[in-house]
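Residue numbers (the UniProt record's numbering): 1 to 428.
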């Protein structure tokens, strides 16, 4: 009796070990049997199928080492399932035969024979329910009708688990981060997702922006996101690329409404739903947006003012800058700075730096729009550096009138660092 009990335990361990060894319920193939007849893949195994299909054919491969024609029978083995449930402390049920087709007797004419189990997915989901369907298995016992064939007790047993899932749209993370340069005229957010099936119907992918969830997200995650302002975003398109199994959702941002110069991070929650598809990692996806400032960084900014009358010649007025202070900010000595004077013109957009001198070097002509441009009919103000911290500031002849005010800017540059000078010209 002790030998019989021990033998039974060994069989159960061999049959059911895969459930503990593999999270996806897939078995390692075991073919080293001292037997003539067995399933190539035996024990508990998942028949993975999707609600996108109405039927699914799962294949069991039967090995007949005898290499002679052999009649076999496949039995739905209730005792096998009872033993499994007891061993695994599970509560699986036998799937009724109305929900699948299986040939229960056949003649094996080759070493390998594929046996299909055809599941009626639609019927299972409609009548048993998608979630409840995961409670069902088909316990199958393979038997030879010939008394001469040596069977493996373990290898002739299979428990085929009904593993039906919705086709899934998969986002990389539930918080998707975006960084956009603050100079982009029409910022665009593209939300990318993959899907693991064919023929995605975009009309069945439902999603809505839900800015009201930002406060709750901040509380739960100890963050300080700012909600997208009303009117700052608009949906543009949803496109499925079947060749890549990739879904793209596009939103347009309005830089007139959203502050592109803000150092805050904005958040836009999107809630997804569908009667056909599942979403991973969650049905709520959060868009995290920040803007990258392209403005140059200055170690210091200085305001200079010169008052001049309208002029009919190129004579200029002097404005003094503190080179010792500039040298300290630029992390050099005043002597070194004086021997390596380099200026950039700064355009009105505060981002474009002009490195080629357009007036007597080092100096620039500035146009009526405040940009550092070459000498031409639009020229209005020039700034030229003279030794020992002197700017000569002058006008294009007969181009200004009393009451005008102009502001132009230059940067003093040394070893990658810059200080900025804003020069205000008042015409009086």
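Cβ coordinates follow ideal geometry from the N, Cα and C atoms, glycine included.
| query | result |
| --- | --- |
| Nearest residue (CA-CA) to residue 177, options 154, 390, 286, 309 | 286 |
| Pairwise C-alpha distance: residue 344 and residue 410 | 6 Å |
| Within the UniProt domain "DUF4859" (313-415), ranges of the beta strand (DSSP E) (whole runs, at least 3 residues) | 316-320, 343-346, 363-367, 379-386, 390-395, 405-414 |
| Contacting residues, own chain, Cβ-Cβ under 7 Å from residue 106 (five flanking each side not counted) | 72 |
| Close Cβ partners of residue 7 (< 8 Å) along its chain, the five nearest in sequence each way excluded | At residue 7, the pLDDT of 33 sits below 50, so the modelled position is not reliable; the number obtained from the coordinates is stated separately. Nothing meets the Cβ criterion. |
| Exposed unless 16 or more other CB atoms sit within 10 angstroms - verdict on residue 196 | exposed |
| Beta-carbon gap between residue 300 and residue 419 smaller than 7 Å | yes |
| Beta-carbon contacts of residue 386 that lie in its chain and below 8 Å, excluding the five residues immediately before and after | 318, 392 |
| Under 7 Å between C-beta atoms of residue 266 and residue 297 | no |
| Residue 139 to residue 162 span [Cα, whole Å] | 11 Å |
| Best match in 142, 417, 290 for proximity to residue 224 [C-alpha to C-alpha] | 290 |
| Environment of residue 131 [buried if 16+ CB atoms lie within 10 Å] | exposed |
| Integer Cβ distance of residue 349 from residue 260, believed to fall under 8 Å | About 13 Å separates the two Cβ atoms, so there is no contact after all. |
| Where residue 426 falls: helix, strand or coil (DSSP) | strand |
| First through last residue of the beta strand (DSSP E) which encompasses residue 193 | 188-195 |
| Three-state secondary structure (DSSP) of residue 202 | helix |
| Alpha-carbon to alpha-carbon, residue 306 and residue 398 | 18 Å |
| Expected contact under 8 Å - CB spacing of residue 39 and residue 62 to nearest Å | 6 Å |
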